[in-house]
Amino acid sequence: MAHAAFMESPRDRELGAGVYNEKLGIWVFLGSEVMFFTALIGSYIILRFANPGAFAAPGEVLNIGLTAVNTFLLICSSVTMVKAFAAVHDGDQRQLKLYLVATVLMGAAFVGVQIYEYAHLLHDGFGPGGIREGSHLAERAAAGELSLGTPDPATAGIYGSTFFTMTGFHGFHVTMGVICMTYVTIKAFRGKYSATDHRGVEVIGLYWHFVDLVWIILFTIVYLI
Amino acid sequence: MATTAIPHEPVARTEHQELPFIRKYIFATDHKIIGIQFLIMSLLFLFVGGLLAMMIRWQLGFPETPMPGGTVLPETMAPGGILLPEFYNSLVTMHGTLMVFFAIMPLLVGVFGNYLIPLKIGAPDMAFPRLNMWSFWIAVPAGILMLAGFFVEGGHAAAGWTAYAPLSAKGEFSGVFAGQQLWLLSLAVLGLSSILGATNYITTIVNLRAPGMTWFRLPLSIWSLFITAILVLLAIPILSGAAIMLFFDQTIGTHFFDPTAGGQPLLWQHLFWYFGHPEVYILILPAMGMVSDIIANGSRKPLFGYHSMIYALIAIAFLGWIVWGHHMFQSGMNPTLGMGFMVTTMLIAVPSAIKVFNWMGTMWRGNIRFHVPMLHAVSFVAMFVIGGLSGIFMASTPVDIYIHDTYFIVAHIHYVLFGGSLFALFGAITFWYPKMFGRMMNVFWGRVHWFLTFVFFNLTFFPMHNLGVGGHMRRLYDPSEYEFLQPLAGTNRFITVSALLLFTVQIIFALNFVISLFKGKRAPENPWDDNGLEWTVPSPPPHGNFVTTPTVYRPPYEFSSPLVEEDHLPQDRDLGQKTDPASAPGTG
Amino acid sequence: MSWMLPPSASTFAGDIDFLYYLILVITGVAFVVVEVGLIWFIIKYRSRPGRKAYYTHGSVRAEFIWTAIPAVTVVAIGILSAPVWTHVKGRFSAPADALIYRVTAKQFEWNFTHPGLDGTLDTDDDFTIRNRLHVPVNRPVLVRLVSEDVIHSFFVPAFRVKQDVVPGLNTQVWFEATRTGEFELGCAELCGLGHYRMRAMVTVHDADDYERWLASRATTTALR
Amino acid sequence: MTSDTHEIKHPSYWTIWAILAVLTAAELGVAFLPWPKRVVVLILVGMAVWKALLVALYFMHLRFEKGRMRIFAIAPLPLTVIIVIAVLTEFVW
Ligand code: HEA
Ligand code: HEA
Ligand code: CUA
Ligand SMILES: [Cu+2]
Chain R
1 MAHAAFMESP RDRELGAGVY NEKLGIWVFL GSEVMFFTAL IGSYIILRFA NPGAFAAPGE
61 VLNIGLTAVN TFLLICSSVT MVKAFAAVHD GDQRQLKLYL VATVLMGAAF VGVQIYEYAH
121 LLHDGFGPGG IREGSHLAER AAAGELSLGT PDPATAGIYG STFFTMTGFH GFHVTMGVIC
181 MTYVTIKAFR GKYSATDHRG VEVIGLYWHF VDLVWIILFT IVYLI
Chain H
1001 MATTAIPHEP VARTEHQELP FIRKYIFATD HKIIGIQFLI MSLLFLFVGG LLAMMIRWQL
1061 GFPETPMPGG TVLPETMAPG GILLPEFYNS LVTMHGTLMV FFAIMPLLVG VFGNYLIPLK
1121 IGAPDMAFPR LNMWSFWIAV PAGILMLAGF FVEGGHAAAG WTAYAPLSAK GEFSGVFAGQ
1181 QLWLLSLAVL GLSSILGATN YITTIVNLRA PGMTWFRLPL SIWSLFITAI LVLLAIPILS
1241 GAAIMLFFDQ TIGTHFFDPT AGGQPLLWQH LFWYFGHPEV YILILPAMGM VSDIIANGSR
1301 KPLFGYHSMI YALIAIAFLG WIVWGHHMFQ SGMNPTLGMG FMVTTMLIAV PSAIKVFNWM
1361 GTMWRGNIRF HVPMLHAVSF VAMFVIGGLS GIFMASTPVD IYIHDTYFIV AHIHYVLFGG
1421 SLFALFGAIT FWYPKMFGRM MNVFWGRVHW FLTFVFFNLT FFPMHNLGVG GHMRRLYDPS
1481 EYEFLQPLAG TNRFITVSAL LLFTVQIIFA LNFVISLFKG KRAPENPWDD NGLEWTVPSP
1541 PPHGNFVTTP TVYRPPYEFS SPLVEEDHLP QDRDLGQKTD PASAPGTG
Chain V
2001 MSWMLPPSAS TFAGDIDFLY YLILVITGVA FVVVEVGLIW FIIKYRSRPG RKAYYTHGSV
2061 RAEFIWTAIP AVTVVAIGIL SAPVWTHVKG RFSAPADALI YRVTAKQFEW NFTHPGLDGT
2121 LDTDDDFTIR NRLHVPVNRP VLVRLVSEDV IHSFFVPAFR VKQDVVPGLN TQVWFEATRT
2181 GEFELGCAEL CGLGHYRMRA MVTVHDADDY ERWLASRATT TALR
Chain D
3001 MTSDTHEIKH PSYWTIWAIL AVLTAAELGV AFLPWPKRVV VLILVGMAVW KALLVALYFM
3061 HLRFEKGRMR IFAIAPLPLT VIIVIAVLTE FVW
């Protein structure tokens, strides 16, 4: 019976789920992340249905071109991440380092672009409270150039609230990812990972792909719909 | 026999002593120390929460009468010893918050999750000991943030522990600014601590079980903690998300719950209760699990219907996700949805009934030993039933129209949370105290404490049902405002006196707890003749718990087994294939 | 201290009270079964020297019974509750001929807009009174609930009526008083520091008296 | 760690990456099509789910995990649906 083997090898005791602790742990943790984003995205969906006129048409307020580039960047960073994992799995230290550095850089660039985007939006008068009175955007809205805030302009506040909270928390997750990934990269340069032991790379990778996945959803529902 | 083969001075212990004090007791990574740290913290919060309850009770029993010692409170809270209405609201809010989030939840999940899981599944420690340390040291600042709210301008949060928006969303409505923000921040931080803890528990239980410890050989305490951890993992992030949105409404001007700018006050309620109902099961499931352990031990019988007990736990946890609307029947929620929630809520009575009757089944034809943990455990069953049955009234939507937001609800809360969770905790603390501290608690004073608590608990909370039936609203600073509540003033005073006595007799417990630490009789390895793996190691267990990884041969509740002379049969005792059909470490 | 509900004064109160007493009896039986059982077991099976407990892991049949009985019972309670709920709070439950009022709640007062002599809301003869509601007896009354600030809850114990008043969400509730007299109305949802004194009175008039009161009211409003 | 035998039938990560990039570009196009809003939204959500699935299945290796791990990963999803659907009925009734 399989159990004889199960009992004899002490290492096999770790095989309750068939995976090592760190990997199981990160998947469990991601379960809680799913619920966290459920609270944010779920609220967005609900508030959007409740205020159909409060959200601008795509491209009116948000800069889609810029964000599309940013999305592409994040997708690229996801593929470099998985390539880094594949590299260490095959014992290729050089490629591991290369791909990790690329991932870190692209992740950081994503955050940078997002900060730039925020600065612009705030400058135009779009903030977490909605559209600032007397701002450039407010003028355009008054001139009827925006489909935003119809029929009740007051409801437009919800647009800013949901936009900044959701993208902000995503950005926060990316930032945390970049920080952790930097740590992993440093460890990689010190040669701590090998073809047989590369748990850190896989764990940070899972987190990173998850954050990418959330962005895929956010990009569609926040910017394009 | 494998059980007794474990030496009393294992190697691990000497290694343990090499750790400097700060690593051993402050920034400890040993799950047992972390459990004890949680124990100290949450008992302190339990005490503070109880103190706040006494102030609440004083105001309700003797409105407009200066509270004894109340003059030490600043003018902004109680000028001349008379509580202000805004301070009363803070008291109620903080009583509920501290009890739920900082006393009962850490006691059940933080203390016993930490202490019991590795010991009972035969693991040397948690899967992530350092993460475990963080989960405690993140909870501490959360507690400090929460307490800090009492000292800020405008007073502490005063919108109830449920923090309904928009009262909680805008300072102009409540007069509370920083207090509410600290409240939200603290809960978000505490949430992180809970999530880290839950991640750890789940990973540990899945991956670190000793050989032979199959899923259906886990004690119910571990099963319940496992299911609770899943609930924590999935429910708490909802609260964190909602709390952050409310925090933003307060601070950076978002409008999530602000109806004047497109927000939805009911959205807060939905999010809060979507977390909140699983939360109340977080507060009862571990209690149920530990009570199962204690009742089987006290009755000297295998747990009646072990498998259905597990399925009932799972059913409660699952149904717990689809009943949240029963807190919102009168909120203006879609009434058809309300009907659906009524049905699911009713159904929860079924797995609860299975549990209650199986506990009774366990005692049936037993050989019941009334050690102090058993007294508390049986009280748990008796009291939980009252709380559960009062839940049926509220689950019936038409009846809830009348009793919603009355003292009937308050009675329900305390029967399930004090009569339920806290009695179970008294039982659990007395049961595992010898293991934790290597000393026995005093039995005589334990019995006295149990008896007086049982009596005064019922005298305090049972009449609250009658208040509720009389229409007495909750969160009511001064019931004498209403004419129809005047006749209930006597009952209110009676409750207050009982509550003061209830609080006073807790001193017996506190003293017994503290004095036994130093003066208690030395605890043997297995003072209750129990079967769990934790009783095969010294009290207190050394760092690393087990010298050699134990092997498990049988289910956890083999009391009075015909296979052996004694009336208990530890999980790790090898009887050899011939005599013991359950001997092979089988599949799970 | 009593398990009896206070006297009621609305048409559906009887149904609600019946459900309450029914559940009281059912849970009372469950309560007695469990508590008596516990006490009996405690005494009968207390540990005595030289005795061993009966070794059993359970009984499928017993468990089936005590699963099925509560299941049937709670489903029955649910089935009995549902029509009452729809009658009281259902979306289209308010009788068509109901007299419509508007209640505007704010910290910490109730403003009752009465439909006036013509019996319709939002006409010129409407008038608003603070903390006093006047309704005719034996006539369905629909109150539209509006909040200006936070959530309040419209609670008239004698009518067995409670409905939260949520800002931005126009809830409503109906009732039909069956007795004349004065009844207290309270706020049942924590709404701030004055929550405890957010109280009002409901006066139920008989039909003639209500007309008379309205007429006298009309002259005073006309003077204004 | 799971065994390496899966690696063989694994499509190239770059292929997945290319599909993701193309889908993103296509999304940009679809978003501005002059079709009824409902249709556009439906297509966009469909494409987003497709992309998300690609990431989860291939980059996060869910496709190659044991069944148990897959259950872990999808377990919370019903819960996300429950709350959204239930609260949405508030605006339909
Ligand atoms: C540990 C915590 C805990 C537990 C276990 C429960 C268990 C239950 N609760 Fe409770 N509840 C709270 C904590 C808890 N609750 C709190 C804190 C609040 C108030 C929050 C606030 O507003 O501040 C609340 C509020 C609350 C409400 C909202 C009331 C209102 O605000 O109007 C409702 C309504 O349905 C409810 C119902 C139930 C039901 C049906 C159960 C069931 O799970 C109970 C099932 C158990 C039994 C039924 C007993 C055993 C069964 C038998 C002996 C079989 C025979 C029985 C029958 C035939 C019926 N609870
Ligand atoms: C687990 C939860 C719990 C517990 C134990 C209690 C305990 C008590 N509660 Fe609790 N209560 C709640 C949870 C709890 N409460 C909640 C959630 C609410 C709703 C809040 C809201 O409306 O927002 C509430 C509301 C509430 C109200 C309603 C207020 C109102 O609506 O206006 C009242 C009024 O009487 C009250 C009274 C009491 C009393 C007298 C006790 C007594 O039992 C207290 C007795 C004292 C103790 C239990 C402490 C003893 C100390 C120790 C044992 C420590 C030992 C120390 C060492 C060893 C170091 N509570
Ligand atoms: Cu208004 Cu309470
Ligand atoms: Cu509930």
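Residue numbers (the working numbering), protein chains in the order written: chain R, 1 to 225; chain H, 1001 to 1588; chain V, 2001 to 2224; chain D, 3001 to 3093.
Each residue gets a CB set at the ideal place from its N, CA and C atoms; glycine is no exception.
The model shown is predicted, which means the values in this text are computed figures rather than measured ones.
Cα separation between residue i and residue j?
| i | j | result |
| --- | --- | --- |
| G2014 of chain V | P1074 of chain H | 49 angstroms |
| D212 of chain R | L3088 of chain D | 27 angstroms |
| F1136 of chain H | G168 of chain R | 28 angstroms |
| D1405 of chain H | H173 of chain R | 39 angstroms |
| W2174 of chain V | A1377 of chain H | 46 angstroms |
| S1352 of chain H | D197 of chain R | 46 angstroms |
| I1294 of chain H | R1439 of chain H | 19 angstroms |
| I41 of chain R | S161 of chain R | 12 angstroms |
| F3064 of chain D | I3019 of chain D | 19 angstroms |
| R1447 of chain H | G1520 of chain H | 15 angstroms |
| L1417 of chain H | P3078 of chain D | 29 angstroms |
| V1410 of chain H | T3080 of chain D | 31 angstroms |
| R140 of chain R | F3032 of chain D | 21 angstroms |
| E2035 of chain V | S2093 of chain V | 41 angstroms |
Pop quiz: residue i and residue j are said to be a contact at Cβ under 8 angstroms. What is the actual Cβ separation, rounded to whole angstroms?
| i | j | result |
| --- | --- | --- |
| P1166 of chain H | P1020 of chain H | Not quite, the Cβ-Cβ distance comes to about 51 angstroms (not below 8 angstroms), so this is no contact. |
| S1421 of chain H | F1408 of chain H | Wrong, their Cβ atoms sit about 19 angstroms apart, outside the cutoff. |
| V111 of chain R | V178 of chain R | 7 angstroms |
| D2149 of chain V | Q2107 of chain V | 5 angstroms |
| G1212 of chain H | T1551 of chain H | 5 angstroms |
| H1095 of chain H | A1053 of chain H | 5 angstroms |
So is residue i in contact with chain D if we call contact Cβ pairs under 8 angstroms?
| i | result |
| --- | --- |
| L1019 of chain H | no |
For ligand 4, is there a heavy atom less than 7 angstroms away from the beta-carbon of residue i?
| i | result |
| --- | --- |
| V1323 of chain H | yes |
| H1326 of chain H | yes |
| V1280 of chain H | yes |
Under 8 angstroms, Cβ to Cβ, is there at least one residue of chain H near residue i?
| i | result |
| --- | --- |
| L73 of chain R | no |
| I2042 of chain V | yes |
| L121 of chain R | no |
| P2007 of chain V | no |
| V3081 of chain D | no |
Please confirm whether any heavy atom of ligand 3 lies closer than 7 angstroms to the CB of residue i.
| i | result |
| --- | --- |
| D2190 of chain V | With the sequence shown as reference, residue 2190 of chain V is identified as Leu, and Asp is not the correct amino acid for it. Under cutoff, so the answer is yes. |
| F2108 of chain V | yes |
| H1404 of chain H | no |
Could you tell me which residues DSSP puts in a beta bridge with residue i?
| i | result |
| --- | --- |
| S2153 of chain V | V:D2164 |
| E2182 of chain V | V:T2203 |
| A2105 of chain V | V:W2110, V:S2147 |
| H2134 of chain V | V:T2203 |
Measuring only from the beta carbon, is residue i closer than 7 angstroms to any heavy atom that is part of ligand 2?
| i | result |
| --- | --- |
| S135 of chain R | no |
I'd like to know whether the C-beta of residue i is nearer than 8 angstroms to at least one C-beta of chain R.
| i | result |
| --- | --- |
| F3091 of chain D | yes |
| N1338 of chain H | What sits at residue 1338 of chain H in the sequence shown is Gly, not Asn. Not closer than 8 angstroms to any Cβ of chain R, the Cβ of G1338 of chain H fails to qualify, so no. |
| R3038 of chain D | no |
With a cut-off of 8 angstroms, does the C-beta of residue i fall near any C-beta of chain V?
| i | result |
| --- | --- |
| K1355 of chain H | no |
| A1296 of chain H | no |
Compute the minimum distance between the beta carbon of residue i and the heavy atoms of ligand 1, and state whether it is under 7 angstroms.
| i | result |
| --- | --- |
| T1228 of chain H | no |
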